[in-house]
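K.L.:
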Amino acid sequence: MGTEALLTRSNHLTEEDFAGIAESHAHELFRLAFRMVGSEHDAEEVVQETLLRAFRKRKQFDGRSKVSTWLYRIASNCAIDFLRTRKRDRLADRDQENTPDQVPSLGRSQELLVHQKELVTRLGKLMQELTPKDRLALVLRHYQDCSIEEISRIMNIKPNAAKQAIFRAVHKLRKGMTQGTP
Amino acid sequence: MTRHLSEEELILHFYGTSDDRETTERHLALCPQCRQVYSEQEKFMDLLNQVPVPEKPADYGQRARQRLFAELEAQAKPRARFSHFLWVWAGAATLMLAFVLGRLVERESIHTEPRSRLVSGRVLDDAVARHLESTQRMLVDLANTTHTDPEEQAFHQNWARQLVIDNRFFRLAAMESESRDVIRLLDELELVLLELAHGSHVEFEIEEYPTQEQVSELILRIRIMKRTGKLSDPDQPRLVHI
């Protein structure tokens, strides 16, 4: 059932409605959280905190934005809070622990595959070095496919600032990759 | 367009957010150098797509929902304990009220102080008594609330904030009239009010109330009070902000 239908039935999201939303959005929230915090365990914590906060605020959701935009906004805050409190050395350790071994095959030679895997691993680490806001803008645009307007609503910034954050993120990543190439 | 496209323009073009898409496309069609740069950028974006995310099992959504409701249930229990402590505080506020009213009666019967000082002290005691009544009402109301409604939470927080302001005003007045008992009483009350008023976390307008840490801290302080007979060390400097 769509959000509009849920809100037509009652003026706010009920516990039952929210249970359905939590279930159907958990995967995408996890992906967003993981891209932000870089660790599976921490991402699960962020998802849990997001759902808790959203549940408490469910009566404030008026249906003017998409449920996903509303949830992303809360998840973004949770992830940024999480990053603020987490120690940097713990972050680096977890990055290594949680980078999955399997990288999608490119269908090239084995050597190229190894090289590609190294590049992807490096890129994943560089992403964690971006500022939380730049990373969030990039994650929302590149991976979650949010429009600039949605990003500006989620991050509470102007559309131009959202564009700038995306540009900065890509620029820094490319620069980081170039510097790392022998 | 006579100049080459900037990195920013190419990135925004890739994401379909450039200001002038047609001009950019036309330039790319005519300029092999920019086309080369854009092609490299596309490869990089493809690499970005390959940064992996662990796959969660199909029932992850269901498990997340179950975990959420289990957590909500678990949080409801400490809240019940928190309510219990609020009742304790409501009782304590009543005792404080009785104490202040007692002082009021005592002053009226056995005072030997100058009239102006008596009047100022009496006005203060009267005002403090009303302040305590109001605080007691808030604590009782809070103890009777489940706090699942953010509006109610915000309401109690605002109420507590207002009471902190009143509390500080009365403390200043008590300092002027050198009413040490009242000063001590208001100091202790302020700690509780601040706990309630500060149960907020604002970031992108997201609010939380009250945090588990704040509840735990309040419970811990009340436990200390029960053991030592006082809430905090009065000699210890405190930095508090509303």
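Order-wise, the sequence lines are chains A and B. At position 174 of the first sequence the residue is numbered 510 (my numbering), and the sequence of numbers has no breaks. At position 110 of the second sequence the residue is numbered 203 (my numbering), and the sequence of numbers has no breaks. A virtual CB, placed ideally from N, CA and C, is assigned to each residue, including glycine. Keep in mind it's a predicted model, so treat the numbers as computed, not measured.
1) Classify L349 of chain A as helix, strand or coil using the three-state DSSP reduction.
2) With a threshold of 8 angstroms between beta carbons, is V84 of chain B in contact with chain A?
3) Are the beta-carbon atoms belonging to R254 of chain B and A222 of chain B less than 8 angstroms from one another?
4) So, T228 of chain B versus L256 of chain B, is the Cβ gap smaller than 8 angstroms?
5) Beta-carbon separation of R128 of chain B and L121 of chain B under 8 angstroms?
6) Whole angstroms are fine: how far does the CA of D417 of chain A sit from the CA of F370 of chain A?
7) Taking only beta-carbon positions, decide if L455 of chain A is within less than 8 angstroms of chain B.
8) Can you tell me the Cα-Cα spacing of W406 of chain A and I490 of chain A, whole angstroms?
9) Quick one: give me the first and last residue of the alpha helix (DSSP H) that R489 of chain A is part of.
10) Exposed or buried, A163 of chain B, counting other C-beta atoms within 10 Å across all chains shown (16 or more means buried)?
11) By the criterion of Cβ-Cβ separation under 7 angstroms, what are the contact partners of R477 of chain A in chain B?
12) Buried or exposed for A411 of chain A, going by 16 or more other Cβ atoms inside 10 Å?
13) For P468 of chain A, report the span of its alpha helix (DSSP H) as first-last.
14) Can you tell me whether L289 of chain B is helix, strand or coil according to DSSP?
15) Only counting the same chain, and skipping five residues up and downstream in sequence, which positions put a Cβ closer than 8 angstroms to that of H224 of chain B?
16) Tell me the residue span of the alpha helix (DSSP H) that contains E101 of chain B.
17) Using three-state DSSP, classify V144 of chain B as helix, strand or coil.
18) Are Q384 of chain A and L165 of chain B closer than 8 angstroms when you measure CB to CB?
19) Quick one: grab the DSSP three-state call for R277 of chain B.
20) Between F107 of chain B and K494 of chain A, what straight-line distance do the alpha-carbon atoms span, to the nearest angstrom?
21) Is the shortest distance between the beta-carbon of A501 of chain A and the beta-carbons of chain B less than 8 angstroms?
22) According to DSSP, simplified to helix, strand and coil, what is C127 of chain B?
23) Return yes when the C-beta of E164 of chain B is under 7 angstroms from any heavy atom of the ligand NAD, and no when it is not.
24) Can you tell me the Cβ-Cβ gap for L419 of chain A and L459 of chain A, rounded? I've got them flagged as a contact below 8 angstroms.
25) Where does K393 of chain A sit, in a helix, a strand or coil, going by DSSP?
26) Using a beta-carbon distance below 8 angstroms, is E486 of chain A in contact with chain B?
27) Quick check on A473 of chain A: buried or exposed, where buried means 16 or more other Cβ atoms within 10 Å of its Cβ?
28) Taking Cβ positions only, does E100 of chain B come closer than 8 angstroms to chain A?
29) So the alpha helix (DSSP H) S404 of chain A belongs to, where does it begin and stop?
30) What does the alpha-carbon distance come out to for the pair S272 of chain B and Q246 of chain B?
31) Could you please tell me which residues of the region 371 to 388 of chain A, in chain order, have their CB closer than 9 angstroms to any CB of chain B?
P.N.:
Looking at the atomic coordinates:
1) Position 13 of the first sequence holds residue 349 of chain A. Reduced to three states, the DSSP call for L349 of chain A is coil.
2) The question about residue 84 of chain B has no answer here: the residues shown for chain B are numbered 94 through 335.
3) Translated into positions along the second sequence, residue 254 of chain B becomes position 161. Translated into positions along the second sequence, residue 222 of chain B becomes position 129. Cβ distance not < 8 angstroms, so R254 of chain B and A222 of chain B don't count as in contact.
4) As a working mapping, residue 228 of chain B is identified with position 135 in the second sequence. As a working mapping, residue 256 of chain B is identified with position 163 in the second sequence. Yes, the pair counts as a contact, with Cβ atoms nearer than the cut-off.
5) On the second sequence, residue 128 of chain B is found 35 positions in, with the first residue counted as 1. On the second sequence, residue 121 of chain B is found 28 positions in, with the first residue counted as 1. Taking 8 angstroms as the Cβ cut-off, R128 of chain B and L121 of chain B qualify as a contacting pair.
6) Translated into positions along the first sequence, residue 370 of chain A becomes position 34. Translated into positions along the first sequence, residue 417 of chain A becomes position 81. Taking the straight line from one Cα to the other gives about 14 angstroms.
7) Within the first sequence, residue 455 of chain A is the residue found at index 119, counting from 1. By this cut-off, L455 of chain A is an interface position.
8) The residue given as residue 406 of chain A occupies position 70 in the first sequence. The residue given as residue 490 of chain A occupies position 154 in the first sequence. Going from the Cα of W406 of chain A to the Cα of I490 of chain A covers about 7 angstroms.
9) To locate residue 489 of chain A, count along the first sequence from 1; it is residue 153. From DSSP, the alpha helix (DSSP H) with R489 of chain A extends over 484 to 491.
10) The sequence position of residue 163 of chain B within the second sequence is 70, counting from 1. Its Cβ having fewer than 16 others within 10 Å, A163 of chain B is exposed.
11) Along the first sequence, read from residue 1 onward, the residue named residue 477 of chain A stands at position 141. Near R477 of chain A (Cβ distances below 7 angstroms), the residues of chain B are Y108.
12) Along the first sequence, read from residue 1 onward, the residue named residue 411 of chain A stands at position 75. So A411 of chain A ends up on the buried side.
13) In the first sequence, the residue the question calls residue 468 of chain A occupies position 132. Unbroken alpha helix (DSSP H) run through P468 of chain A: 468 to 474.
14) Residue mapping note: residue 289 of chain B aligns to position 196 of the second sequence, counting from 1. In the structure shown, L289 of chain B sits in a helix (DSSP, three-state: H, G or I).
15) Stepping through the second sequence from its first residue, residue 224 of chain B is reached at position 131. Cβ within range, chain order: L256, D259, N260, F263.
16) Taking the second sequence and counting its residues from 1, the one referred to as residue 101 of chain B is at position 8. 100 to 107 is the extent of the alpha helix (DSSP H) around E101 of chain B.
17) As a position in the second sequence, residue 144 of chain B is number 51, starting the count at 1. Three-state DSSP puts V144 of chain B in coil, outside helix and strand.
18) Counted from its first residue, the first sequence places residue 384 of chain A at position 48. Counted from its first residue, the second sequence places residue 165 of chain B at position 72. It is not a contact, given that the beta carbons lie outside the stated cut-off.
19) Taking the second sequence and counting its residues from 1, one reaches residue 277 of chain B at position 184. DSSP places R277 of chain B in helix when its eight states are reduced to three.
20) Looking up residue 107 of chain B in the second sequence gives position 14. Looking up residue 494 of chain A in the first sequence gives position 158. Rounded to the nearest angstrom, the two C-alpha atoms are 20 angstroms apart.
21) Working through the first sequence from its first residue, we reach residue 501 of chain A at position 165. So, not an interface residue.
22) As a first step, residue 127 of chain B is located in the second sequence; it is residue number 34 there, counting from the start. DSSP places C127 of chain B in helix when its eight states are reduced to three.
23) This structure does not include the ligand NAD; it has no bound ligands of any sort.
24) As a first step, residue 419 of chain A is located in the first sequence; it is residue number 83 there, counting from the start. As a first step, residue 459 of chain A is located in the first sequence; it is residue number 123 there, counting from the start. Incorrect: roughly 19 angstroms between the Cβ atoms, too far for contact.
25) Start at 1 with the first residue of the first sequence, and residue 393 of chain A comes out as number 57. Three-state result, K393 of chain A: coil.
26) Indexing the first sequence from 1 puts residue 486 of chain A at position 150. Closer than 8 angstroms: no.
27) Position 137 of the first sequence, counted from the start, is the residue given in the question as residue 473 of chain A. In the assembly as shown, A473 of chain A is a buried residue. Its beta-carbon has 16 or more other beta-carbons within 10 Å.
28) Taking the first residue of the second sequence as position 1, residue 100 of chain B is located at position 7. Yes, contact with chain A.
29) By 1-based counting over the first sequence, the position of residue 404 of chain A is 68. It spans 403 to 421 - the alpha helix (DSSP H) in which S404 of chain A sits, taken as one unbroken run.
30) For the purposes of this step, residue 272 of chain B is identified with residue 179 of the second sequence, where counting begins at 1. For the purposes of this step, residue 246 of chain B is identified with residue 153 of the second sequence, where counting begins at 1. Taking the straight line from one Cα to the other gives about 34 angstroms.
31) R371, E376, A379, E380, V383, Q384, L387, L388
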